[in-house]
Structure formats: C-alpha cells, structure tokens
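Novice:
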Amino acid sequence: MKTKTKALRALKAAFPHTLPVLAGFLFLGIAYGILMKSIGYGAGWTFLMSFLVFAGSMQYVGITLLSAAFNPLYALFITLMVNARHVFYGISMLERLKLSGKFKPYLIFAMCDETFSILCSATPEKEVDDGWFMFFVAFLNRWYWIAGSVLGAFMGDYIKFDTKGLDFALTALFVVIFINQWREQKRHYPAVIGVISSVICLVVFGRNNFIIPSMLLILLVLTFAGKKMKGESL
C-alpha cells in the first residue's frame, strides 16, 4: 500500500510537467506514423520502432534507412552521430541517477531531450519520492510518443494533405520548456551560457554541425566556471 501511495503521489506531481510534451509528441508522433505508413510499414511496425528504439529524430532518419539498401555499419554511425548528445545528458544526470534506485536502468533507456529538460528544471515536493517522480516523467513522455506514432500509422490511409512543417511542433515544444525553466530557476547562468555557446557554434560550424560543438563548449564553460557561479545570481 505504501508503494502504491508513493507511485500515485509521484504520478500526480509528474503529469502536469509533461503536458507540453504531450502536445508536442502527439503531433510529431502522428507525423512519424504517417511517414512510416507511406513507405509500407503499418501500425505494428511503427509501434515496435517507437517502443524498442524510442529515439525521436533518429526514428525519422530510420525511415530513410528502412527504405534504402541494408547497411548496418552506416546505420550505427548515423545513430551515434545523431544521438551523441545523450552522452552529455548522462554526465549531467550522474548524481541524480545514483539516487534513482531500481528505476535507473529504465531512466537511462527512456531518457530523451524533453525528459532531460523537465528533470533538470522540475524538483518534486518533499513528500514526493524523487525516484518515482523521475520514472513517471520518463514513462509518460515515452508513451506519448508511442501513442502519437501509432495513431499516425492508423491515420496514414486517410490523411491526404501535405504534412510538411509538422515537425515545427518540436521547436515550439523546446521554446515552451526553456521559458518554464527560466521562470522556475533563480539563477540563469546555465541558460545564458547555453544560448551564447549555441549561437557562437552556429556561426562557426553551421546549422548542420553545431549541436555537438555547442554541448562541448557548454560543458567546458560550466565545468570551469561552476565554482565561480556558486552563490551568485543572474
């Protein structure tokens, strides 16, 4: 009974934080499901891809890989390049994941951009178990994506309009998450550093290659400037 109470309390605390992700993932998932259907993969295959792979942007790339000649080494290389940012997510979440107990393996698997953003900004109340809270944030976000993609696969036979531009929902989603983080955090050094570093790398490396350099620069700046930033506010 105690475990059930902990879980329900954590679910109630986590759900409101995931609502922006629900809106974004439904649109993005539907677009993904429609694209899967367009190359001949129905709801069953779409479900398996979203359930087992769960890699967001890599799943979109996977559509091209599924319709091209089989090349596992190329697929591996592309996957590492597209999802290399998760290495930085793992580094920054090391301390919190140590305290997550039995949920750690699932949190590692289900970590995505949106879940990482929520967990970085949202701290549950004292009476809410943090392990259960993190689990439900990851669990809900994952199933939003799965539900959207399967729905899109079912709708693929009936939707005939041009779906170009639907992926802008992801950009809008990150803007909403960023604004929420800015409002909830007292110190804005990390956000300011992130924006400035990203702009610099965008100018230097171009829009197709700036993500990994940006994360490296952000990591370096935060590592070396971390002590100085403690106790200060911006």
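The sequence shown lines up with residues 112 to 345 when you count with my numbering.
The C-beta atom is built at its ideal place from N, Cα and C for all residues, glycine as well.
Note that this is a predicted model, so its numbers are computed, not measured.
1. Using 8 Å for Cβ pairs, my map puts Ala-166 next to Phe-247. What's the rounded Cβ distance?
2. Could you give the distance in angstroms between the alpha-carbon of Thr-307 and the alpha-carbon of Leu-177?
3. What residue range does the alpha helix (DSSP H) around His-412 cover?
4. Where Lys-237 and Gly-153 are concerned, what is the direct C-alpha to C-alpha distance, given to the nearest angstrom?
5. Alpha carbon to alpha carbon, how far is Ala-121 from Leu-297? Give it in angstroms, no decimals.
6. What did DSSP end up calling Ser-344 once you bin it into helix, strand or coil?
7. Straight-line CA distance for Ile-270 to Ile-145?
8. With a threshold of 16 other CB atoms inside 10 Å of the CB of Phe-136, please say whether the residue is buried or exposed.
9. Answer yes if the stretch 315-326 comes into contact with the stretch 194-214, meaning at least three C-beta pairs across the two stretches below 8 Å, and no otherwise.
10. Take Leu-345 and list the residues in its own chain whose beta-carbon comes closer than 7 Å to its own, dropping the five residues that flank it on each side.
11. Can you tell me the Cβ-Cβ gap for Leu-251 and Ile-141, rounded? I've got them flagged as a contact below 8 Å.
12. Thinking just about the alpha-carbon of each residue, which of Leu-328, Ala-258, Leu-139 and Pro-131 is nearest to the one in Ile-229?
13. Check whether the Cβ atoms of Ala-264 and Thr-157 sit closer than 7 Å, and answer yes or no.
14. Does DSSP classify Tyr-300 as helix, strand or coil?
15. What runs of the alpha helix (DSSP H), each 4 residues or longer, lie entirely inside the stretch 166-240?
16. Here's a check: name, in chain order, each residue in its chain whose Cβ is nearer than 7 Å to the Cβ of Met-222, leaving out the five neighbours to either side.
17. Determine, using beta carbons only, whether Arg-207 comes closer than 7 Å to chain D.
Specialist: Quick answer:
1. Start at 1 with the first residue of the sequence shown, and residue 166 comes out as number 55. Start at 1 with the first residue of the sequence shown, and residue 247 comes out as number 136. Their Cβ separation, rounded to whole angstroms, is 21 Å, which puts Ala-166 and Phe-247 out of contact at 8 Å.
2. For the purposes of this step, residue 307 is taken as residue 196 along the sequence shown, with counting starting at 1. For the purposes of this step, residue 177 is taken as residue 66 along the sequence shown, with counting starting at 1. Sequence inspection shows Ile at residue 307; the Thr mentioned does not correspond to that position. If you take the alpha carbons of Ile-307 and Leu-177, they lie about 37 Å apart.
3. One cannot answer for residue 412 here, as it falls past the ends of the chain, which runs 112 to 345.
4. Within the sequence shown, numbered from 1, the residue matching residue 237 stands at position 126. Within the sequence shown, numbered from 1, the residue matching residue 153 stands at position 42. Their backbone Cα atoms lie some 45 Å apart in a straight line.
5. As a working note, residue 297 is residue 186 in the sequence shown. As a working note, residue 121 is residue 10 in the sequence shown. Looking at the sequence provided, one finds Lys at residue 297 rather than Leu. Distance between the alpha carbons of Lys-297 and Ala-121: 24 Å.
6. If you number the sequence shown from 1, residue 344 lands on position 233. At Ser-344 the pLDDT is 46, less than 50, meaning the model places this residue with poor confidence; the figure from the coordinates comes in the next sentence. Three-state result, Ser-344: coil.
7. Counting from one through the sequence shown, the residue named residue 270 turns up at place 159. Counting from one through the sequence shown, the residue named residue 145 turns up at place 34. Taking C-alpha positions only, Ile-270 is separated from Ile-145 by approximately 8 Å.
8. Here residue 136 is taken as the residue at index 25 of the sequence shown, counted from 1. With 16 or more Cβ atoms within 10 Å of its Cβ, Phe-136 is classed as buried.
9. With the rule of 3 Cβ pairs closer than 8 Å, the stretch 194-214 counts as touching the stretch 315-326.
10. On the sequence shown, position 234 is the one that residue 345 refers to. Legend: pLDDT at Leu-345 = 47, less than 50; position of this residue unreliable, value from coordinates given subsequently. Excluding residues within five positions, the ones whose Cβ falls inside 7 Å are Arg-298, His-299, Tyr-300 and Val-303.
11. For the purposes of this step, residue 251 is identified with residue 140 of the sequence shown, where counting begins at 1. For the purposes of this step, residue 141 is identified with residue 30 of the sequence shown, where counting begins at 1. So it is not a contact: roughly 17 Å between Cβ atoms.
12. Numbered from its first residue, the sequence shown carries residue 229 at position 118. The shortest Cα separation from Ile-229 among Leu-328, Ala-258, Leu-139 and Pro-131 belongs to Pro-131.
13. On the sequence shown, position 153 is the one that residue 264 refers to. On the sequence shown, position 46 is the one that residue 157 refers to. For Ala-264 and Thr-157, yes; Cβs fall inside 7 Å.
14. For the purposes of this step, residue 300 is taken as the residue at position 189 of the sequence shown. In the structure shown, Tyr-300 sits in a helix (DSSP, three-state: H, G or I).
15. 168-177, 183-193, 197-203, 205-209, 215-221 and 224-232
16. Locating residue 222 in the sequence shown gives position 111, where the first residue counts as 1. The answer, listed in chain order, is His-197, Tyr-200 and Ala-249.
17. Looking at the structure shown, chain D is missing, and only one protein chain is on hand.
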